[in-house]
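Beneath this line is the structure, given in structure tokens, with notes to follow.
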Amino acid sequence: MVSLSPLRQSPALQLILLLGIVSLFGDVIYEGGRSVSGPFLLYLGASAFTVAFISGFGEFIGYAGRIVSGFFADRTRSYWAFAVTGYLMIGAIPLLVFAGAWQAAAILILIERLGKGIRSPAKDTILSYATHKVGRGWGFGIHEAIDQIGAVAGPLIFAVSIAVFGGYSTGFALLAIPFVLLCAALLLAYRKVPDPESFEESSPGTRHDETARVPRLLLPYGTFTALTMAGFAVFPLIAFHYSAASVVPEVQIPVFYAIAMAADALFALLIGRLYDRAGLGVLLSIPLVNILVALLAFSSVYSLALAGAVLWGLSMGGQETVLRAALADLTAINKRGTAYGIFNTLYGGAWFVGSLVLGWLYEMDMRILVGYSVLMQVAAIGAFLWLMHTLKPEKRISNRPQKTG
1364 MVSLSPLRQS PALQLILLLG IVSLFGDVIY EGGRSVSGPF LLYLGASAFT
1414 VAFISGFGEF IGYAGRIVSG FFADRTRSYW AFAVTGYLMI GAIPLLVFAG
1464 AWQAAAILIL IERLGKGIRS PAKDTILSYA THKVGRGWGF GIHEAIDQIG
1514 AVAGPLIFAV SIAVFGGYST GFALLAIPFV LLCAALLLAY RKVPDPESFE
1564 ESSPGTRHDE TARVPRLLLP YGTFTALTMA GFAVFPLIAF HYSAASVVPE
1614 VQIPVFYAIA MAADALFALL IGRLYDRAGL GVLLSIPLVN ILVALLAFSS
1664 VYSLALAGAV LWGLSMGGQE TVLRAALADL TAINKRGTAY GIFNTLYGGA
1714 WFVGSLVLGW LYEMDMRILV GYSVLMQVAA IGAFLWLMHT LKPEKRISNR
1764 PQKTG
């Protein structure tokens, strides 16, 4: 737990915590809706392929939009404006209470994902400036852990809603409350630190010479990320399997997702701290965990399906912490929004294509689905070895926080 004394002394840490609270309320909304989006779309008449397409395409536009928003955020230096605009679009999720057809639900889901694309490069850039003071991995880990409190609470709202009211409408309606709180927290964060770029620009330890050397690392790093995500299932497809194969009772599916998000939060702190000590080597944990996800998440055995959900959360914690922290260390501060936009488009594109393939394979043969997913992770391990070979020991990037007088 962070003591109050360093909190008062560190505006950077205050900003990390405030943005964590913003993301907490955002995840109450988004993750709450995502935990039931698969079964909800199934209820509205969508097929497994349609669910996978909507989920995957939503992730894709959420990342593809970052190319444009990241570029213009860097050009205008208006990081807060992009962050606020994107967060306002998350209000589309509570409106799902009015969706009477899967097409209408799909549009609202995609609007929220577009908002994610608008806000994410700016938000990640703001965070990267603040984490420069406390350690990249630790700072992103703290943010992710707070974020996941909302990711746990959102699905639980739906678990209670389904158990008590027997439907989805009440759960979606309740999400209007955290949306109002999100807007208030975001305004407070902006008023507290309107110019976060000063955290890193004013640091004498900023290493422009190192950031000039690292573009050669982005090809193996990007390949590693693309292969990892191409074989990683979106949770709505896993939840669809739980429901369609009657592996998990309908009322427990949001609980499974909440458990996955709790695992995400705990692992984010652990792997974030480990990244600050060991560097890029911790990336190997992601494909290794993903292999186990492929083997367990689509099981027809309840206990194995639960283990798969937990491991899915561990993988997400690693992705949300280490991949973002490493990218900050590999890019110059004046191009970071653009870098987050471009790189995360690759991330989302690979996840989208992989989701389509997995959804298609699910309807064909479960064994082929598992084999494909494992194959992608093995290939990702090969890309990881390529990356570590490229990253020579004498050019390893130090991830320790920069100290100022």
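Numbers in the working numbering are just positions in the sequence shown, counted from 1, shifted up by 1363.
Backbone N, C-alpha and C fix where the C-beta goes; we use that ideal spot for every residue, glycine too.
| Check | Outcome |
| --- | --- |
| For residue 1426, collect the residues of the same chain with a Cβ closer than 6 Å to its Cβ; drop the 5 residues on either side in sequence, then sort them by chain order. | 1707, 1708, 1710, 1711 |
| Which whole-angstrom value is the C-beta distance of residue 1654 and residue 1737, which I expect to be below 8 Å? | 5 Å |
| What number of angstroms, rounded off, separates the C-alpha of residue 1699 from the C-alpha of residue 1681? | 20 Å |
| Leaving aside the five residues before and after residue 1449 along the sequence, list all residues of the same chain whose C-beta is less than 8 Å from its C-beta, in chain order. | 1432, 1478, 1479, 1480, 1481, 1482, 1483, 1485, 1486 |
| Going by the CB atoms, is the gap between residue 1749 and residue 1583 shorter than 9 Å? | yes |
| Compute the beta-carbon to beta-carbon distance between residue 1495 and residue 1379, rounded to the nearest angstrom, for a pair I have assumed lies under 8 Å. | Actually they do not touch by this definition, with Cβ atoms about 11 Å apart. |
| Among residues of its own chain, excluding the 5 on either side of residue 1735, which ones have a beta-carbon nearer than 8 Å to its beta-carbon? | 1594, 1720, 1721, 1724 |
| Could you work out which residue in 1620, 1458, 1439 is closest to residue 1516 when comparing CA atoms only? | 1620 |
| Mind checking whether residue 1513 and residue 1389 have CB atoms under 9 Å apart? | yes |
| Would you call residue 1396 buried or exposed, if buried means 16 or more other Cβ atoms sit within 10 Å of its Cβ? | buried |
| On the CB-based measure, 16 or more other CB atoms within 10 Å of its CB, does residue 1731 come out buried or exposed? | exposed |
| Assuming contact is defined by CB atoms lying nearer than 9 Å, are residue 1562 and residue 1374 in contact in what I supplied? | yes |
| Whole alpha helix (DSSP H) runs in the stretch 1415 to 1470 with 4 or more residues, listed along the chain? | 1442 to 1451 |
| Check the C-beta distance from residue 1405 over to residue 1414 and give it rounded, since I have them as a contact under 8 Å. | 7 Å |
| Looking only at its own chain, which residues have a Cβ that is under 7 Å from the Cβ of residue 1649, when we skip the five neighbours before and after it? | 1591, 1678, 1681, 1682 |
| According to the Cβ coordinates, are residue 1602 and residue 1402 closer than 9 Å? | yes |
| Might you give, ordered along the chain, the residues of its own chain that have their beta carbon closer than 6 Å to the beta carbon of residue 1596, omitting 5 neighbours on each side? | 1721 |
| For residue 1316 and residue 1391, which I take to be in contact (beta-carbon distance under 8 Å), what is that distance rounded to the nearest angstrom? | Nothing in the structure corresponds to residue 1316, since the chain is present only between 1364 and 1768. |
| Starting from residue 1701, trace the alpha helix (DSSP H) both ways and give me its first and last residue. | 1699 to 1727 |
| In chain order, what residues of the same chain have a beta carbon less than 6 Å from the beta carbon of residue 1688, not counting five sequence neighbours either side? | 1499, 1500, 1503, 1638 |
| By the three-class DSSP mapping on this structure, what secondary structure does residue 1389 have? | helix |
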